[in-house]
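One structure is given here, and the rest of the page talks about it.
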Amino acid sequence: MSFLDDFHPTQLKLTVESPTFWRVTFDNPPINVIGLEMMRELKELLTELEHNDTVNVVVFDSADPDFYIAHYDVEVDNDAAEALPTTTGYTAWVDITVRMSKLNAVTIAAIRGNTRGAGSELVLAMDMRFASLEKAKLAQVEIALKAVTGGGASGRLPSLVGRGRTMEILLGGEDFDGALAERYGYVNRAIPDAEFEDFVNAFARRVSGWDHQAIVEIKAFIDKYTRLPDAEYPLHSDAYWAGVSRPEVAGIVGRLLDNGMQQRGPLEYDLGRQIATIAQEEA
């Protein structure tokens, strides 16, 4: 039995466009949060891709046009998450983002919809990010939880957008629409939504046709000059968990949940603006 025969995810959909081009679609209603099952399925997929010498390109898109990956599930069972298999020995989320960043296959985020927190960290761990001009929003909102970004955004953004703009993204905690994200370098480019799928598919098919070894070597040289050592990223995770473990953070999370966090409603659509008002309320 092959991986394709055995892989039966419930929150990811794997489409084999060709032997060299795979598509992975996030599908975890109501708003595509990253929880225990999605992490389990991502780890299983990564294990296959780490040993696959045929796939050249993987496009990651979303079944939900409004939410690409909303953020990490704030109600996840963290003990269960940390019990998931790991090949790096790192915490569950860092294990995923580090491994994603090191695949031989080219990874492309096709971002349509809200992409915040861990969702932003996941796309930053990919090789390229293409955004819908009208429908993409990206943000790192961890500052509202008195924490650093735990999955490595502060280690990956500086090489993309520079130090000052990284400060703006991480300390502001606000949404960046497709146009501004492109201008900053947060994404490769923002494409009008009517042209978005055709552009991403055409680019992915073009890259999928190149020689596999050439792709691997090109990526290796780029990574040599742009990637931090893997051992840096557990430091980010440790600092994140120390921050969100402070007693007052539970009150912030409670207020966010009371106001509709993790539900398909006004708060999640406008989280980049509203999270400051809620998080900065006096308990």
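In terms of this note's numbering, the sequence shown opens at residue -13 and continues consecutively. The beta-carbon is built from N, C-alpha and C at its ideal position, and this holds for glycine as well.
Linking F182 to D163 through their CA atoms gives a straight-line distance of about 15 Å. When T83, V239, L253 and I97 are compared, the shortest CA-CA separation from S140 is found for T83.
Between the C-alpha atoms of I264 and H57 there is a straight-line separation of about 17 Å. For V127, the three-state secondary structure derived from DSSP is coil.
No residue range can be given for F(-7), since it is assigned to no alpha helix (DSSP H) and is classified by DSSP as neither H nor E.
R85 places its beta carbon less than 7 Å from that of L32. In this structure, T93 lies near D113, with their beta-carbon atoms less than 7 Å apart.
Inter-residue distance for P71 and L22 is about 12 Å (C-alpha atoms, whole angstroms).
Assigned with DSSP and collapsed to three states, L214 falls in coil, not helix or strand.
For S223, the closest C-alpha among the options G195, W79 and K88 is that of W79. Taken in chain order, the whole beta strand (DSSP E) runs of length 3 or more contained in the segment 109 to 176 are 114 to 125. Taking a 10 Å sphere around the C-beta of Y172, we find 16 or more other C-beta atoms and assign the residue as buried.
Rounded to the nearest whole angstrom, the CA to CA distance from P144 to V193 is 26 Å. When the Cα atoms are used, P(-5) and R213 turn out to be separated by approximately 30 Å.
For the segment 177 to 244, the full-length alpha helix (DSSP H) segments reaching 4 residues or more read 179 to 194, 198 to 212, 219 to 230 and 233 to 244 along the chain. In the displayed model, I55 falls within a strand according to three-state DSSP. Comparing C-alpha distances from G138 to each of F189, K123, Y76 and A117 shows the shortest one belongs to Y76. Assignment of L70 by DSSP, reduced to helix, strand and coil, places it in the coil class. Within the DSSP secondary-structure output, W8 pairs in a beta bridge with V2 and V44.
Per DSSP, the continuous alpha helix (DSSP H) segment holding V84 begins and ends at A78 to S87. Taken atom to atom, the span from the alpha-carbon of F(-7) to that of E36 is near 15 Å. If you check the CB distance, V19 and L131 do not come in under 7 Å. For V92, the pairing in a beta bridge is given by DSSP as V43. Taking 7 Å as the cut-off, the beta carbon of D179 is found no closer than this to the beta carbon of S231. Taking the CA atoms as reference points, R151 sits about 7 Å from Y170. Under a 10 Å Cβ-count criterion, S(-12) is classified as exposed, with fewer than 16 other Cβ atoms of the shown protein chains found around its own Cβ.
According to DSSP, residue pairing for R259 in a beta bridge does not occur. Within the same chain, T135 come within 6 Å of E128 by CB-CB distance, once the 5 residues on both sides are set aside.
Distance from A95 to V109 at the Cβ level is roughly 4 Å; contact confirmed, criterion being Cβ atoms closer than 8 Å.
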